[in-house]
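Visitor: Before I ask anything, here is the structure I am working with.
2 protein chains.
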Amino acid sequence: MPREISSFSNSTVKMIRALRDKKARREHGLFLAEGLRIIAEARDEGQLPQLIAFSEKGAAHPLAAEIIAETEAAGGDAIVTSPDILSKMSGKDNPQMLLGAYAQPDTSLSAIDRSSADIWFVGEKLRDPGNIGTILRTGDAVGAGGLILIDDCADPFSVETVRASMGALFTQGIAQARWDEFLPWLRCGDGQLVGTSLNTDFDYADAPYKAPCFLLIGNESQGLPKEYEDACDLLVKIPMAGKADSLNAAIAAAVTAFQVRSHWRNR
Amino acid sequence: MPREISSFSNSTVKMIRALRDKKARREHGLFLAEGLRIIAEARDEGQLPQLIAFSEKGAAHPLAAEIIAETEAAGGDAIVTSPDILSKMSGKDNPQMLLGAYAQPDTSLSAIDRSSADIWFVGEKLRDPGNIGTILRTGDAVGAGGLILIDDCADPFSVETVRASMGALFTQGIAQARWDEFLPWLRCGDGQLVGTSLNTDFDYADAPYKAPCFLLIGNESQGLPKEYEDACDLLVKIPMAGKADSLNAAIAAAVTAFQVRSHWRNR
Chain R
1 MPREISSFSN
11 STVKMIRALR
21 DKKARREHGL
31 FLAEGLRIIA
41 EARDEGQLPQ
51 LIAFSEKGAA
61 HPLAAEIIAE
71 TEAAGGDAIV
81 TSPDILSKMS
91 GKDNPQMLLG
101 AYAQPDTSLS
111 AIDRSSADIW
121 FVGEKLRDPG
131 NIGTILRTGD
141 AVGAGGLILI
151 DDCADPFSVE
161 TVRASMGALF
171 TQGIAQARWD
181 EFLPWLRCGD
191 GQLVGTSLNT
201 DFDYADAPYK
211 APCFLLIGNE
221 SQGLPKEYED
231 ACDLLVKIPM
241 AGKADSLNAA
251 IAAAVTAFQV
261 RSHWRNR
Chain B
268 MPREISSFSN
278 STVKMIRALR
288 DKKARREHGL
298 FLAEGLRIIA
308 EARDEGQLPQ
318 LIAFSEKGAA
328 HPLAAEIIAE
338 TEAAGGDAIV
348 TSPDILSKMS
358 GKDNPQMLLG
368 AYAQPDTSLS
378 AIDRSSADIW
388 FVGEKLRDPG
398 NIGTILRTGD
408 AVGAGGLILI
418 DDCADPFSVE
428 TVRASMGALF
438 TQGIAQARWD
448 EFLPWLRCGD
458 GQLVGTSLNT
468 DFDYADAPYK
478 APCFLLIGNE
488 SQGLPKEYED
498 ACDLLVKIPM
508 AGKADSLNAA
518 IAAAVTAFQV
528 RSHWRNR
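For the record, the sequence lines run as chains R and B. Under our numbering, the very last position in the first sequence is 267; numbers go up by exactly one each time. Under our numbering, the very last position in the second sequence is 534; numbers go up by exactly one each time.
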């Protein structure tokens, strides 16, 4: 049976609320996902939350009721509470009627099976949580294996990232590594490292991509450091027609990845 | 000479601060852009702010000094103030050292010259200001003419949109219209209306695009209404490889637009 919480100062309420903060997420090894759509997607991937919180209205949906029952059967904590307390937990004025706290997966490179997909995203110092989530969502759509975050990226388990990923956080692999760990790992197996850059004449539409292809996306304002470009097997350029000389990082990642896939489909 | 403002309660400070609000933007016919990069891009397009506010440090940059002088020569208002007051004006903790308030352009359909570009974006009920700005930025990169916002979209002149557009708000055309104004306008001249949809088998990579091509992007969560799909000359589908069945709206717009351009380049 779900336990009922009616106090704002309840310790579980405080702990969940704290998960909006990176330090607390690390400490508890948990992250938050909101809403039936994402929580159902996670369940379809075999992932249940350690804790699920909901309003009576939220639990009334048959799919929600099913996931709540499965979470309890798996030993998870189920909490029924008021919309106001859910709102406090999620930090949103209009909270979703369902919140899940999930165990953070292992994000070491050893958890990545490069043979499982032909395209991988590699993000370097990505600072915008929305971009990270959008790249994960795109990765799911394009059939990528996941996203490897290099150096000091924003936390992939933030509420903003989970939301922008639309559930792809549960379907895509995620690793975090320093560049000097990533490069030796990459070179221990198959893998073409492809950088998007303005410092090349190779058009992204005609480039000789090889699977598994690791698409390296640079920081939102600085792009890739020269040393990282030099380590690439291939640099490709998306030709710019206008006044600007750059695309949003998640857009550049998507345009390149769909081109890579389209290139292979046409062979 | 710039006038100095040292009071938080100055009426100009209050007016600029209010421009974060859509109603005030409408009332004053102004919108805000922050930072030298965007303000310089606007100037390169021949657009100077009606009011420019800066700290002494901001004015020290030679390019900023040039734009401040040009703004004054054109009859604009130049204001030197403290970083704290700039921060109040922009609503940001770390304000840019330079803020401009620009006249909102005419956004009627009659301001759009469809023969000036081969690709146009049309957004239907886009709610996310970041998506609108990112589509404008992508439009600049792909050589589009601009973005036509249909029905109840977020305001294209919000601070978030201007920021995400990275200056493309000044290089791309922008119109706002109801669907029942847009469609007759479109049919009064050349123009292929292309919808991205799951309700078709036409692969976006092999479709017969014709210029000027109007790419219709649906609302972030609902996609296009059936009536709008029915009005399209062509529906195309971006094949999905993963669990999810959709892309972020700005990503779908970019992937399709770059494919259209690539299709034409290869003819």
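Positions of the beta carbon are idealized from the N, C-alpha and C atoms, including for glycine.
#1: How many Å lie between L376(B) and R445(B) at the Cα?
#2: Let's test the definition: count the other Cβ atoms within 10 Å of the Cβ of A153(R) and tell me whether it reaches 16, buried, or not, exposed.
#3: Would you kindly report the start and end of the unbroken alpha helix (DSSP H) that includes A18(R)?
#4: Exposed or buried, which one is M1(R) when buried takes at least 16 other CB atoms within 10 Å?
#5: Given that M166(R) touches chain B, what residues does it touch there, using C-beta distances under 9 Å?
#6: So, is E391(B) buried or exposed, given that buried needs 16 or more other C-beta atoms within 10 angstroms?
#7: Name the chain B residues whose beta carbon is nearer than 7 Å to that of A154(R)?
#8: Looking at the secondary structure, which residues open and close the alpha helix (DSSP H) in which G139(R) lies?
#9: Contact between the segment 146 to 160 of chain R and the segment 519 to 528 of chain B is defined here as three or more beta-carbon pairs at a separation below 8 Å; is this criterion met?
#10: Nearest-angstrom Cα distance between L366(B) and I379(B)?
#11: When the Cβ atoms of the segment 223 to 231 of chain R are set against those of the segment 181 to 199 of chain R, are three or more pairs found closer than 8 Å?
#12: Assuming K510(B) contacts F469(B) (C-beta within less than 8 Å), just tell me the rounded distance between them.
#13: Over what stretch of residues does the beta strand (DSSP E) that includes E220(R) continue unbroken?
#14: Check each residue of the segment 386 to 408 of chain B: if its Cβ is closer than 8 Å to any Cβ of chain R, include it; give the result in chain order.
#15: Alpha carbon to alpha carbon, how far is S278(B) from P329(B)?
#16: Should S55(R) be labelled buried (16 or more other beta-carbon atoms within 10 Å of its own) or exposed?
#17: Anything in chain R within Cβ reach of M507(B), meaning under 7 Å, just list it in chain order.
#18: Looking at chain B, is there any beta carbon in it that lies within less than 7 Å of the beta carbon of A205(R)?
#19: Between the alpha carbons of D407(B) and A435(B), how many angstroms are there, rounded?
#20: Starting from the beta carbon of I112(R), find every residue of chain B whose beta carbon is closer than 7 Å, and list them in chain order.
#21: Give a yes or no on whether the minimum CB-CB distance between M254(R) and chain B is below 7 Å.
#22: Considering only residues of the same chain and omitting the five flanking positions on each side of T107(R), which have a CB-CB separation below 6 Å?
#23: Compare the C-beta of F525(B) with all C-beta atoms of chain D and state if any pair is closer than 7 Å.
#24: Quick one: list the residues of chain B neighbouring I251(R), beta-carbon separation under 7 Å, in chain order.
#25: With distances taken from CA atoms, which of L303(B), A340(B) and L315(B) is nearest A326(B)?
#26: Label D180(R) either buried or exposed according to how many other C-beta atoms from any shown protein chain fall within 10 Å of its C-beta, with 16 as the threshold for buried.
#27: Specify the secondary structure class of R3(R) as computed by DSSP and reduced to three states.
#28: Using C-beta distances below 6 Å, list every residue in its chain close to I38(R), excluding the 5 sequence neighbours before and after it, in chain order.
#29: Mind pulling the chain R residues with CB within less than 8 Å of S382(B)?
#30: Where do the N-terminal and C-terminal ends of the alpha helix (DSSP H) with Y204(R) fall, by residue?
#31: Compare the beta carbon distance of W387(B) and F481(B) with 7 Å and say whether it is the shorter of the two.
#32: Could you check the C-alpha separation between L353(B) and Q363(B) for me, to the nearest Å?
#33: Where does D288(B) fall in DSSP's three states?
#34: May I have the straight-line CA-CA distance separating M89(R) from E308(B), to the nearest angstrom?
#35: Find out if the Cβ-Cβ distance for the pair G400(B), Q439(B) is shorter than 7 Å.
#36: Quick check on the burial criterion: 16 or more other C-beta atoms within 10 angstroms. Buried or exposed for L301(B)?
Guide: Straight from the coordinates:
#1: 10 Å
#2: Going by the sequence as given, residue 153(R) is Cys instead of Ala. C153(R) should be labelled buried.
#3: S11 to A18
#4: exposed
#5: A511, S513 and N515
#6: Around the beta carbon of E391(B), 16 or more other beta carbons sit within 10 angstroms, so the residue counts as buried.
#7: Simply none; closest approach about 15 Å.
#8: P129 to V142
#9: no
#10: 28 Å
#11: yes
#12: That pair is no contact at about 23 Å.
#13: First-last for E220(R): undefined, no H or E at that position.
#14: Taking 8 Å as the Cβ-Cβ cut-off against chain R, the residues of the segment 386 to 408 of chain B that qualify are G397, T401, R404, T405, G406, D407 and A408.
#15: Straight-line spacing of the CA atoms in S278(B) and P329(B) works out to 29 Å.
#16: buried
#17: A141
#18: yes
#19: When rounded, the distance between both Cα atoms is 6 Å.
#20: The contacting residues do not exist; I112(R) stays about 17 Å from chain B at best.
#21: The sequence given here places Ala at residue 254(R); Met does not occur at that position. Yes, A254(R) lies at the interface with chain B (some Cβ there is under 7 Å from its Cβ).
#22: I174, A175 and Q176
#23: Among the protein chains of the structure shown, namely R and B, there is no chain D.
#24: T401, T405, A517, I518 and A521
#25: L303(B)
#26: exposed
#27: strand
#28: G167
#29: Against S382(B), chain R offers no close residue; the least beta-carbon distance is about 17 Å (beta-carbon pairs closer than 8 Å).
#30: Counting along the chain, Y204(R) falls outside any alpha helix (DSSP H), and DSSP gives it neither H nor E.
#31: yes
#32: 8 Å
#33: In the structure shown, D288(B) sits in coil (DSSP, three-state: anything other than H, G, I, E or B).
#34: 42 Å
#35: Cβ atoms of G400(B) and Q439(B): not closer than 7 Å.
#36: Per the sequence presented here, residue 301(B) reads as Glu, with Leu not at that position. So E301(B) counts as buried.
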